DNA sequence: CGGTGCTTTGACGAGTATCAATGGGAGTGG
DNA sequence: CCACTCCCATTGATACTCGTCAAAGCACCG
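Structural data, given as structure tokens:
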């Protein structure tokens, strides 16, 4: 993609033209002038799987939109026990407004592509455009709903139910429009077994055993450790404790 | 932090004059005219402990501010397993904007006093006043931070650490200004053992045993099941896995 | 080939749930 | 004032899920 500040298509920056965040993400709140202004200080960057984006208690000067890939938000106890407290997919917004330091670590779970801009630029625009703040509020409420859903899973579900819930979470994210009628879904897991364990509050061994059990029961099949096909969706949903 | 604007008491509804939500809550975003308009449709109500405020999937036509007491937000699985996903103290806002139905149950954990207003009134004002939406965003971000903190507790802490974390959570809420130097704190638990268990993802028996252990070690003392004194704050903090 | 990283599988034990009984305070009625 | 009940909390005995430790399998890569 070229980096010219060339402005076509009703004055929309090249950077933004094919960007998902411009429609479903927070940038949908901005008009073309604002987009141009923001694009001046924005940069698209690619991050390798495993790289740390934001350190715990680190000062954050940049916010980002996730363009592709999956970012995991984690919290860690002093002795190393870790919990994933959120997964961000495109076109989610990444950052914690109104606080200089993040309460969580952010790390690329897969290769990730981001569009980053300085904290100050967004905060300036938020003052101008209530619509931007409105979008942020909606995203935050969505994340809060997801976090609370997951609290139920963490606190009250068994290992078996947790793994089933996780698979459905990913399946729904891959294809949110998936009708009830569709039986089979197939996708690549964006997380390693270790990440899945950290997301579910389990160990990798327990996660592995649950996968094995699901395979043995003919509910899913797995190729290459990552590629999953859900063959009996209903039974997976039943197991998740709908 | 919170800019508290000096408004003359002239023109402020009686209902609001001594209200905590007018300073630290979302009503701080409103000028006296707006307060008057909102107060016309508002009503203060008292709810007995145990009463249900908002049913899961129920349509909500009212939002509220918590004036006193504690409200618990819960989620329940089809077989009855329950998880508390949030606790609301004064002057928290109660409601889920932009969605007609709540994803959680809300129930009075103690006797609760509320200030309720119709959904429509708030949403109308949100369009007029970006500051109101700003306050809502801040409260939502705060709740998100709390939810994620708790996910770490639910997913990765032991029963012992969970109970210690819970006691500190309540202690900090009773007296947020509590300095590091202060050793002793004393307070009434706003929750029954069953509620605490549902908050921590444990059973009441396990919670009870952990309390007993803390008492035996001289870290806390308990009178009448509800009244707790933390005698060795540092050791409680150490146990919570700071 | 022999590493290295990730996953699976197995054997065992610790931590927590479950089931069951007891304790204790508050309210009620004799 | 004392039984009686109800509700909640505590305590005990036992079962079972899941974590821990150890080893082996498998793909990828130099």
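Chains as they are written, first to last, in the UniProt record's numbering: chain X, 1 to 242; chain L, 1 to 242. Where a beta carbon is used, it is the ideal one built from N, C-alpha and C, also for glycine. These numbers were taken from a predicted model, which means no experiment stands behind them.
Item to check | Beta-carbon proximity of residue 184 of chain L to residue 231 of chain L, cut-off 8 angstroms | outcome: Result yes, Cβ atoms of residue 184 of chain L and residue 231 of chain L sit closer than 8 angstroms.
Checklist entry - Is any beta-carbon of chain L found at less than 8 angstroms from that of residue 81 of chain X? => result The beta carbon of residue 81 of chain X falls within 8 angstroms of a beta carbon belonging to chain L, placing the residue at that interface.
Checklist entry - Between the stretch 126-141 of chain X and chain L, which residues of the former have CB atoms less than 8 angstroms from a CB of the latter, in chain order? => result Shown in chain order are the members of the stretch 126-141 of chain X whose Cβ falls below 8 angstroms from a Cβ of chain L: 130, 133, 134, 136, 137, 138, 140, 141.
Item to check | Per-residue contacts from residue 145 of chain X into chain L (C-beta, under 7 angstroms) | outcome: The answer, in chain order, is 103.
Item to check | 3-residue-minimum beta strand (DSSP E) runs that sit fully inside the stretch 96-163 of chain X, ordered along the chain | outcome: If we require 3 residues or more, the beta strand (DSSP E) runs fully inside the stretch 96-163 of chain X come out as 105-108, 112-118.
Next on the checklist: By alpha-carbon positions, which one of X/86, X/46, X/124 ends up nearest to residue 201 of chain X?
Outcome noted: Of X/86, X/46, X/124, the residue nearest in Cα terms is X/86.
Next on the checklist: Comparing C-alpha positions only, which one of L/111, L/117, L/222, L/143 sits nearest to residue 42 of chain L?
Outcome noted: Ranking L/111, L/117, L/222, L/143 by Cα distance to residue 42 of chain L puts L/117 first.
Next on the checklist: Less than 8 angstroms between the beta carbons of residue 190 of chain X and residue 70 of chain X, yes or no?
Outcome noted: Yes; because the gap between Cβ atoms is below 8 angstroms, this pair is in contact.
Item to check | Nearest neighbour of residue 96 of chain X, chosen from X/59, X/233, X/195, X/80 [CA to CA] | outcome: Selected option, being the one with the closest Cα: X/59.
Checklist entry - Under the three-state reduction of DSSP, which class applies to residue 173 of chain L: helix, strand or coil? => result Looking at residue 173 of chain L - three-state DSSP - the assignment turns out to be helix.
Checklist entry - So residue 220 of chain X is in the beta strand (DSSP E); what residue range does that whole segment cover? => result Start and end: 220-223.
Next on the checklist: Please tell me whether residue 187 of chain X has its Cβ less than 8 angstroms away from any Cβ of chain L.
Outcome noted: Closer than 8 angstroms: no.
Checklist entry - Ends of the alpha helix (DSSP H) at residue 246 of chain L? => result In the structure as shown, chain L begins at 1 and stops at 242. Residue 246 of chain L is therefore absent and cannot be evaluated.
Checklist entry - Residues bridged to residue 44 of chain X by DSSP? => result DSSP, once it has assigned bridges, lists X/115 as partnering residue 44 of chain X.
Next on the checklist: Among the candidates X/149, X/216, X/120, whose CA atom is the shortest distance from the CA of residue 100 of chain X?
Outcome noted: Checked all of X/149, X/216, X/120; the closest Cα to residue 100 of chain X is X/120.
Checklist entry - Considering only the beta carbon of each residue, do residue 220 of chain X and residue 167 of chain X sit closer than 8 angstroms? => result Taking 8 angstroms as the Cβ cut-off, residue 220 of chain X and residue 167 of chain X qualify as a contacting pair.
Item to check | residue 75 of chain X: contacting residues in chain L (beta-carbon distance under 8 angstroms) | outcome: Correct list: 148, 149, 151, 152.
Item to check | Whole-angstrom distance between residue 125 of chain L and residue 10 of chain L, CA atom to CA atom | outcome: Each residue's Cα considered, the two are about 21 angstroms apart.
Next on the checklist: Does the structure place the stretch 105-117 of chain X close enough to the stretch 28-46 of chain X that three or more beta carbon pairs sit under 8 angstroms?
Outcome noted: Yes, the stretch 28-46 of chain X touches the stretch 105-117 of chain X.
Checklist entry - Name the chain L residues whose beta carbon is nearer than 8 angstroms to that of residue 243 of chain X? => result For residue 243 of chain X there is no data in the structure shown, the boundaries of chain X being 1 and 242.
Item to check | Nearest candidate by alpha-carbon position, reference residue 225 of chain L, set L/237, L/67, L/235, L/212 | outcome: Selected option, being the one with the closest Cα: L/212.
Next on the checklist: Less than 8 angstroms between C-beta atoms, sequence neighbours within five positions excluded: which residues of the same chain meet that for residue 15 of chain L?
Outcome noted: A distance below 8 angstroms between beta-carbons, with the five flanking residues on each side excluded, links residue 15 of chain L to the following residues of its chain, in chain order: 39, 42, 44, 115.
Item to check | Neighbour list for residue 78 of chain X in chain L, Cβ cutoff strictly below 8 angstroms | outcome: Here the neighbours are 241, 242.
Next on the checklist: Going by DSSP, what residue range makes up the beta strand (DSSP E) through residue 188 of chain X?
Outcome noted: Note, residue 188 of chain X: beta strand (DSSP E), 185-188.
Checklist entry - Any beta-carbon of chain L closer than 8 angstroms to the one on residue 55 of chain X? => result Chain L contact via Cβ: absent.
Checklist entry - Is residue 205 of chain L buried or exposed, if buried means 16 or more other CB atoms sit within 10 Å of its CB? => result Under this definition residue 205 of chain L is an exposed residue.
Checklist entry - Name the chain X residues that come within less than 8 angstroms of residue 86 of chain L, Cβ to Cβ? => result Residues of chain X passing the Cβ test: 148.
Checklist entry - Would you say residue 97 of chain L reaches chain X, if we count a Cβ-Cβ gap shorter than 8 angstroms as a contact? => result Yes, its Cβ sits closer than 8 angstroms to a Cβ of chain X.
Item to check | residue 153 of chain L burial status per 10 Å Cβ neighbour count (16 or more: buried) | outcome: The residue in question, residue 153 of chain L, is buried, as its Cβ has 16 or more Cβ neighbours within 10 Å.
Checklist entry - To which residues does DSSP link residue 30 of chain X through a beta bridge? => result DSSP, once it has assigned bridges, lists no residue as partnering residue 30 of chain X.
Item to check | Element boundaries [alpha helix (DSSP H), containing residue 238 of chain X] | outcome: Residue 238 of chain X -> alpha helix (DSSP H) spans 233-240.
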